[in-house]
Every structure is written in C-alpha cells, then in structure tokens.
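Notes for the one structure printed next.
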Amino acid sequence: MLKVLKNEFIKMLNGRKFYILAVLVIFSIALDIIMVKSSTQFHMNTQNFFEQTLFGMAMKPIVPMFMALVVAETFTEDYSHGTMKFSLITGVKRSELILGKLVFIALYAVIFLVVTFVSSYIVGTITLGIGIKGEFFNNLIFNVKLCSSVILPLISFSIVLSFVALLINNSGAMIGFGIGVAVIMAVLDHIKNVMYFTFSGGMYGTDVARKFTTHNVLIFTLTACIYILIFTLLDLIVVRKKDILL
Amino acid sequence: MNNKCLLKTENLTKEYKGRKAVDNLNITVYEGDVYGFLGRNGAGKSTTIKSMLGLIKPTCGRVIINGYEVSKEREKAIEKIGAMVEAPSFYTGMSGYKNLCLYANLYGLPIKRVDEVLEMVGMINAKDKKVYKYSMGMKQRLGIARAFLNNPNVVILDEPTNGLDPQGIKEIRNLIQELSEKYKVTFIISSHILTEIQAVCNRIGIIEDGQLKVQGYVEELLNTKDEIIQISTVEKEKTVRLLNSLNIELNYEEFEGGLKVKVKKGNFNIINKVLVENDVNVKNMSCSENSLEEYFLNITKGEKKYA
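These protein sequence lines map, in sequence, to chains A and B. When the letters of the first sequence are read in order and numbered with this note's numbering, they come out as residues 53 to 298. When the letters of the second sequence are read in order and numbered with this note's numbering, they come out as residues 15 to 321.
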C-alpha cells in the first residue's frame with residue numbers, strides 16, 4: 053500500500069494539476085478578500101476571515117469540486133488510460149492498490165485544507181490585520197478545530213465519489229458527476245437535520261460546526277466514519293470483482 | 015529442444031453476457047519459445063492474455079505460469095512475467111525514466127534497473143523526454159523496457175507493432191529477436207501481422223472465435239520442406255496426367271488459369287522438364303514457399319488446403 057501511496061505522490065508532484073488547483077484555491081481566497089473589503093463587513097480580520105473562507109468559497113464549492121477532479125484522475129483516468137493494469141501486473145494486490153489510492157485521496161483532501169488554512173491566514177493578515185492580539189491564539193485554535201471538523205466529511209465525500217469512479221470508465225462523466233454531487237449536497241445539507249446523516253454533512257454545517265458541542269462533533273465524525281468504512285469496503289469488493297479490460 | 019512448460023491454459027473460458035470470448039482454450043508455451051499468438055481482431059487474443067495476467071477472471075478453466083495457478087496464487091504466478099498489453103500506456107506528463115521508476119518502485123527494485131532496461135531497448139538517450147513527446151515506436155520500446163524491469167523469464171507482448179511504420183516494425187522485430195537470444199527469455203507475441211510472426215516465432219497458436227484452431231511449431235505447420243508450384247496452363251487434364259505419372263509425392267489443386275501443385279522442394283526442374291518434353295502449353299510457371307499468411311487464412315476460413 054505504501055508503494056502505491058508513494059507513486060501517487062510522485063505523480064501528483066510531477067503533474068501540473070496539483071499546483072494549478074492550489075493556485076486556484078489561493079486565488080479564490082484573494083477574491084474573497086476583495087468581496088469582504090468591498091462589503092460593509094469591515095469588522096472582519098484574519099481570525100474570523102478563515103471561517104468565512106472555509107464555509108464560503110472553499111467548501112461551497114471549490115475544494116469539493118477539486119476533490120472530484122482528483123478522484124477522477126486517481127481512479128477513472130488511471131483505469132481508462134490503461135495504466136492501472138500495468139500497476140497490477142507488478143504483482144501489487146488489487147486491495148493494496150485501492151487502499152493506497154484512498155489514503156492518497158484522504159491526504160490530498162487534508163493538503164487542500166492546509167493550503168486553504170495557511171493561505172487564508174497569510175492573505176487575511178496582510179490585508180485585514182491580525183485583529184485583537186490577546187485573542188489571536190484562542191482564535192487560531194478555534195480555527196484549527198473548525199478546519200479539522202471538515203476533514204472527515206471531506207474525506208467521506210471523496211471516498212463516496214471514488215466508489216462511483218470505479219464504476220464509471222469515463223473521466224469526463226466522472227468529473228461531471230462529482231461536481232453535480234457537490235452542488236446537490238451543498239443544497240441538500242441545508243435542509244434541517246439532513247446534514248447529520250449525509251456523507252458530506254459536516255462540510256456545510258457552518259452554524260453547527262461553530263458551536264462545537266460534543267453532540268455535533270461526535271455525530272459528524274461518526275457519520276463520516278461510517279460512510280468512509282462502508283464505501284472503502286464497497287471499493288474493495290468492486291475492484292476485486294472487476295475485470296480490468298482497459 | 016527444451017520441453018519445460020512455463021505457461022499453459024487449461025480449458026480457459028471467458029464469457030461476456032452469454033457470449034464466449036474465449037472458449038475452452040488450451041495453449042502451452044515451452045521454455046525458450048517465441049510463441050506467436052495469432053488471430054483476427056476480436057478473436058480473443060487480448061482476453062486470453064489478460065486472463066493469463068490475472069486482470070480478468072475466467073468463467074472457467076485455469077492458467078498455470080511457472081507452476082503456479084493464476085487464480086489461486088496470482089502474485090507468485092506473475093512474479094517472473096513481463097507484459098505489454100494492448101497499447102503502451104504511460105503517464106504522458108512524466109518522462110519515460112520517471113514512468114519506469116514508478117513501476118520499479120512497485121516491484122521493489124533498485125532505481126538503477128531502470129537505466130539498465132532503457133539501455134537494453136536503446137532508449138537511454140530519450141529517457142528524460144516527456145512521454146507525450148515520444149513517437150509510437152519509442153512508446154513501444156518503453157513498453158518493452160517496462161516488461162523487462164523485473165527480469166522476467168516470460169514476456170508477453172500484445173500487438174507490439176501496432177501503429178508502427180514499416181521501419182518501426184522492423185526495429186521492434188529485431189529488438190525482440192535480439193532480446194530473445196541475448197537474455198534467453200520466452201516470448202508470447204500476439205499479432206495479426208503474419209509476416210512479422212513468421213520472421214520471429216518458432217511456435218504459433220491460431221485462435222478464432224475464442225477457440226484454438228491449431229498450435230505447433232512453425233516449421234512443422236508450414237512444412238517448409240515443401241514448395242508450391244503454380245502452373246498457368248489451359249491443358250489441365252494433360253498436366254495432371256503427366257504429374258501423376260511422375261514418381262514423386264504431390265498434391266494439387268485446380269484454379270481457373272491452371273494448377274497449384276504442392277511438392278517436396280527440388281522437384282521444380284523435374285516437373286518443368288516433363289511438361290516441356292510433352293509439349294504442354296504452359297504460359298507461366300512459378301514456385302513459392304508456404305507462407306504463414308496463406309496457412310492462417312486457410313485455417314481461419316476452415317479450408318485447410320493441401321493438407
């Protein structure tokens with residue numbers, strides 16, 4: 053599994069997609085700053101700007117959409133371009149290949165969130181200032197927790213997409229499907245209590261996440277973990293039975 | 015002749031929605047063979063190869079490689095197998111070298127092995143070029159290099175000359191011959207370019223509609239000790255009578271403009287002399303060897319002439 057993971061990172065770092073997407077995330081944050089500055093929310097500083105970024109442009113819809121692109125490339129394109137079969141010919145087990153790719157997807161999601169977090173703080177500090185100095189550290193911890201609360205739902209969303217990616221052999225169709233799901237879930241998760249039961253609920257639960265009650269943290273974590281577990285198992289079953297035709 | 019069997023399929027069958035893509039296939043590949051796996055497009059060659067590699071699961075039957083059954087011990091069975099299946103697919107945004115490094119990593123091989131295989135196929139100077147800049151011939155070479163990464167004892171090449179120009183085909187043919195002789199590797203080459211197969215392979219298997227039509231040594235199947243004499247004449251009956259009067263073993267077949275006679279090599283002059291002495295009106299008389307192309311067409315049409 054680690055060999056597969058290493059290869060995925062080599063491919064990521066040797067390709068352009070990661071850098072382009074990272075730049076786009078940073079650009080979207082810069083765009084957010086312009087919007088904030090042009091609005092009446094002048095009380096905003098780098099500490100509350102991150103919250104605005106995370107539950108604004110980052111989660112609705114940029115990061116989930118980018119994850120759809122990454123999932124399509126990692127699973128569908130690898131299969132449809134005929135490169136997956138050559139990995140399997142090396143004797144790597146199908147389960148190892150899929151688990152390696154799933155861990156890569158999960159780490160990719162974390163990297164996107166780290167890029168969002170760091171660039172939001174840097175851009176926010178430069179343009180809005182650091183805010184009340186005494187509260188900076190507390191707010192930083194709060195923002196780290198806020199960012200962390202999104203990780204598992206984002207991974208859960210990506211792993212659900214990976215299951216579909218294993219069934220669809222067309223990367224264009226997979227990207228379209230992924231973006232469609234991201235948009236639909238963003239709407240669906242606003243319906244009262246639905247977010248507690250969907251794989252992506254924690255990604256959009258702005259108000260709920262802010263409160264950080266044990267109940268909220270547990271239920272989002274548990275729901276995401278259940279989806280991650282179920283869809284990882286489904287991925288393994290699908291890939292075990294799948295004929296590698298391309 | 016070494017008869018150690020390295021790869022065999024036993025009653026291999028693969029069905030897709032009730033249609034048999036491979037039907038009770040039994041092929042055997044011995045150590046040192048350069049085995050040509052022939053068939054038209056859609057005959058079941060690639061399905062068979064993918065079954066050998068454990069990429070698709072057979073409906074029934076089994077594949078045994080190096081003594082291991084693929085469905086039960088896939089990792090051990092394919093441990094010493096190198097393969098290029100269908101198109102030579104690579105991560106095109108990366109260099110040839112980096113592509114091979116990915117596979118060396120999966121095999122757990124030292125990176126210096128990548129340089130070794132690139133040297134073997136004559137690609138060392140182009141190793142840092144991105145794969146999308148490679149010509150088809152270079153991609154095929156890189157595909158062969160990848161197939162050699164793990165020091166295999168059997169290399170499977172599926173249509174290795176697909177998409178190549180005549181010069182490229184010749185280069186790949188020479189490369190296969192060179193690698194086969196130098197590294198004593200057993201090759202299985204699937205193709206429908208019959209002249210290439212005839213030039214490279216010592217054994218062949220012909221597959222049609224998923225079924226093995228024939229398997230054997232090229233020399234025996236084509237009976238290269240024989241030649242075909244084509245006699246263009248209107249006096250067919252007289253020619254047949256004269257041929258039958260000769261004390262030589264022959265088979266003949268009539269065609270619109272004359273006769274085709276299959277006979278042991280060296281009898282051309284005797285036949286020519288008899289026809290001249292008996293004043294047979296012969297427009298033209300030519301001699302050719304059995305070709306794999308003709309043999310293949312006869313087999314796949316189910317009309318095994320001269321047999």
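C-beta atoms are modelled at their ideal positions from N, C-alpha and C, and glycine is treated no differently. Note that the structure is a prediction, hence the values are computed from the model and not measured.
Just curious, the beta strand (DSSP E) that residue i is in, first and last residue?
i, result
"Thr42 (chain B)", "Thr42 to Tyr44"
"Ile203 (chain B)", "Thr200 to Ser205"
"Leu273 (chain B)", "Gly272 to Lys278"
"Val77 (chain B)", "Cys74 to Ile79"
"Val48 (chain B)", "Val48 to Gly53"
Less than 7 Å between C-beta atoms, sequence neighbours within five positions excluded: which residues of the same chain meet that for residue i?
i, result
"Gly316 (chain B)", "Below a pLDDT of 50, predicted positions are generally treated as unreliable, and Gly316 (chain B), at 49, falls in that range; no measurement from the model is reported."
"Lys279 (chain B)", "Lys239, Asp240 and Glu241"
"Val248 (chain B)", "Asn295"
Indicate the three-state DSSP secondary structure (helix, strand or coil) for residue i in the structure shown.
i, result
"Asp287 (chain A)", "helix"
"Ser91 (chain A)", "coil"
"Met98 (chain B)", "strand"
"Glu317 (chain B)", "Bear in mind that the predicted position of Glu317 (chain B) carries a pLDDT of just 44, short of 50, making it unreliable; the figure below should be weighed with that in mind. In the structure shown, Glu317 (chain B) sits in coil (DSSP, three-state: anything other than H, G, I, E or B)."
"Val248 (chain B)", "coil"
"Arg68 (chain A)", "coil"
"Leu92 (chain B)", "Correcting the residue type first, residue 92 (chain B) is Ile in the shown sequence and not Leu. If DSSP states are grouped into helix, strand and coil, Ile92 (chain B) belongs with coil."
"Thr27 (chain B)", "strand"
"Lys137 (chain A)", "helix"
"Gly224 (chain B)", "coil"
"Leu109 (chain B)", "In the sequence under discussion, the amino acid at residue 109 (chain B) is Ser, which differs from the Leu named in the question. In the structure shown, Ser109 (chain B) sits in a strand (DSSP, three-state: E or B)."
"Asp293 (chain B)", "coil"
"Tyr256 (chain A)", "helix"
"Glu263 (chain B)", "coil"
"Leu120 (chain B)", "helix"
"Ile242 (chain B)", "strand"
"Gly56 (chain B)", "coil"
"Leu298 (chain A)", "coil"
Give a yes or no on whether the C-beta atoms belonging to residue i and residue j are separated by under 7 Å.
i, j, result
"Ser210 (chain A)", "Ile174 (chain A)", "no"
"Ala161 (chain A)", "Leu218 (chain A)", "no"
"Tyr44 (chain B)", "Cys19 (chain B)", "yes"
"Ile245 (chain B)", "Gly272 (chain B)", "yes"
"Ala161 (chain B)", "Gly96 (chain B)", "yes"
"Leu21 (chain B)", "Leu39 (chain B)", "no"
"Gly306 (chain A)", "Met53 (chain A)", "Examination of residue 306 (chain A) is not possible in this model, given that chain A is present from 53 through 298 alone."
"Tyr117 (chain B)", "Leu163 (chain B)", "yes"
"Asp84 (chain A)", "Thr105 (chain A)", "yes"
"Ala301 (chain A)", "Ile227 (chain A)", "Here chain A has residues from 53 to 298 only, and residue 301 (chain A) is not among them."
"Ile78 (chain A)", "Ser171 (chain A)", "yes"
"Val275 (chain B)", "Ile243 (chain B)", "yes"
"Lys112 (chain A)", "Ala238 (chain A)", "yes"
Closer than 8 Å by beta-carbon distance: list the chain B residues that pair up with residue i, in chain order.
i, result
"Val144 (chain A)", "Leu120"
"Phe153 (chain A)", "A quick correction: the sequence has Lys, not Phe, at residue 153 (chain A). Simply none; closest approach about 13 Å."
"Gly224 (chain A)", "Chain B residues near Gly224 (chain A): none, gap ~17 Å exceeds 8 Å."
"Gln135 (chain A)", "At residue 135 (chain A) the sequence reads Thr, which differs from the Gln that was named. Per Cβ cutoff of 8 Å: Ser103, Phe104 and Tyr105."
"Lys58 (chain A)", "Asn119"
"Ile296 (chain A)", "Lys64, Leu69 and Ile70"
Give every residue of the same chain whose Cβ lies closer than 6 Å to the Cβ of residue i, excluding the five residues on either side of it in the sequence, and list them in chain order.
i, result
"Asn324 (chain B)", "Since the first and last residues shown for chain B are 15 and 321, residue 324 (chain B) lies out of range."
"Leu215 (chain A)", "Note that residue 215 (chain A) corresponds to Phe in the displayed sequence, not to Leu. Hits under 6 Å: Phe283, Leu286 and Asp287."
"Asn245 (chain A)", "none"
"Lys141 (chain B)", "Gly110, Tyr111 and Leu132"
"Ala35 (chain B)", "Lys28, Gly58, Thr61 and Gly224"
"Asn298 (chain B)", "Ser246"
"Leu171 (chain B)", "Met98 and Ile203"
"Asn292 (chain B)", "Leu256"
"Lys318 (chain B)", "Residue placement at Lys318 (chain B) is poorly supported in this model, since its pLDDT is 43, which falls under 50; the coordinates still yield a value, given next. Asn312."
"Phe102 (chain A)", "Ser172 and Asn195"
"Asp167 (chain A)", "Note that residue 167 (chain A) is Val in the sequence shown, not Asp. Excluding residues within five positions, the ones whose Cβ falls inside 6 Å are Ala74 and Val77."
Below 7 Å on C-beta distance, what does residue i contact in chain B?
i, result
"Asp67 (chain A)", "One point to set straight first is that residue 67 (chain A) is Gly, not Asp, in the sequence displayed. Correct list: Gly107."
Note down, in chain order, every chain A residue with its Cβ under 7 Å from the Cβ of residue i.
i, result
"Tyr117 (chain B)", "Phe138 and Thr142"
"Tyr156 (chain B)", "A small correction: the amino acid at residue 156 (chain B) is Leu; Tyr does not occupy that position in the sequence shown. Neighbours of Leu156 (chain B) on chain A: none; closest Cβ ~11 Å, over 7 Å."
"Ala97 (chain B)", "Ile141"
Going along chain A, which residues have a C-beta under 9 Å from residue i?
i, result
"Val296 (chain B)", "Within 9 Å Cβ-Cβ: nothing; Val296 (chain B) doesn't reach chain A, min ~55 Å."
"Glu89 (chain B)", "Gly143, Val144 and Lys145"
"Val43 (chain B)", "Under the 9 Å cutoff, chain A gives no residues; its nearest Cβ is about 17 Å from Val43 (chain B)."
Mind checking which residues open and close the alpha helix (DSSP H) that includes residue i?
i, result
"Cys199 (chain A)", "Phe188 to Leu219"
"Val214 (chain B)", "Leu208 to Val214"
"Phe164 (chain A)", "Arg146 to Leu180"
"Lys34 (chain B)", "Taken as a continuous stretch (DSSP letters only), Lys34 (chain B) belongs to no alpha helix (DSSP H), being part of the beta strand (DSSP E) at Arg33 to Leu39."
"Leu235 (chain B)", "Val232 to Leu236"
"Ile170 (chain B)", "No alpha helix (DSSP H) holds Ile170 (chain B); the beta strand (DSSP E) holding it covers Val168 to Asp172."
Show which residues of chain B have a CB atom less than 9 Å away from the CB atom of residue i.
i, result
"Ile62 (chain A)", "Met108, Lys112, Cys115, Leu116 and Asn119"
Given that residue i touches chain A, what residues does it touch there, using C-beta distances under 8 Å?
i, result
"Arg160 (chain B)", "Phe138"
Return yes when the C-beta of residue i is under 6 Å from any heavy atom of the ligand NAD, and no when it is not.
i, result
"Gln154 (chain B)", "The ligand NAD is not among the ligands present in this structure, which contains no ligands whatsoever."
Can you list, in chain order, the residues of its chain whose CB lies under 8 Å from that of residue i, leaving out five sequence neighbours each side?
i, result
"Tyr279 (chain A)", "Ser208, Ile211, Val212 and Phe251"
Counting only beta-carbon separations shorter than 7 Å, does residue i have a partner in chain D?
i, result
"Ile285 (chain B)", "Looking at the structure shown, chain D is missing, and the protein chains on hand are A and B."
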